[in-house]
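Have a look at the structure below before the remarks.
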Amino acid sequence: MRSSQAEAARPLDHWLTNRFHAYSARMGLLWRTPVRHEPWPLVHATTVALTQTPTRAAGLPDPETEPTTHTSPCVGPVRLGPARPACATWAGRRHLAAKP
834 MRSSQAEAAR PLDHWLTNRF HAYSARMGLL WRTPVRHEPW PLVHATTVAL TQTPTRAAGL
894 PDPETEPTTH TSPCVGPVRL GPARPACATW AGRRHLAAKP
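For the sequence shown, the numbering used here assigns the number 834 to the initial residue and increments by one for each residue that follows.
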């Protein structure tokens, strides 16, 4: 990826790059952690190399257009909330199913 100095200040760009939750696998469960941060300063970037495995794995064709790429010169403070099972019902069933 190569970055430029041109800012990408469109609201859609900020919404697409914002992270509202972080996910992790722990103790056989999928956990969701709320994430809060100020909008990151975004600049346009150019993708130099890309391996498109997620779309191929899903059986989808490769995109026909160049990817939209952004980067940020800095990321401000990030606050993480308490982690909880991503789906309490699913997590409870999986946990119960694992017991002998």
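From the three backbone atoms N, C-alpha and C, an ideal C-beta is built for every residue, glycine too. Values in this document were obtained by computation on a predicted structure and should not be read as measured data.
- For residue 864, the secondary structure class from DSSP, reduced to helix, strand or coil, is strand.
- The continuous stretches of beta strand (DSSP E) do not include residue 884, and DSSP gives it neither H nor E.
- Judged by their CB atoms, residue 899 and residue 886 are not nearer to each other than the 9 Å cut-off.
- Burial check for residue 873: the Cβ neighbour count within 10 Å reaches 16 or more, so the residue is buried.
- Boundaries of the alpha helix (DSSP H) harbouring residue 849: 844-850, taken from the DSSP string.
- Restricting attention to 843, 850, 845 and 844, the CA atom closest to the CA of residue 904 is found in 850.
- The beta carbons of residue 895 and residue 888 sit closer together than 9 Å.
- Distance between residue 855 and residue 892, taken at the CA atoms: about 26 Å.
- For residue 902, the three-state secondary structure derived from DSSP is strand.
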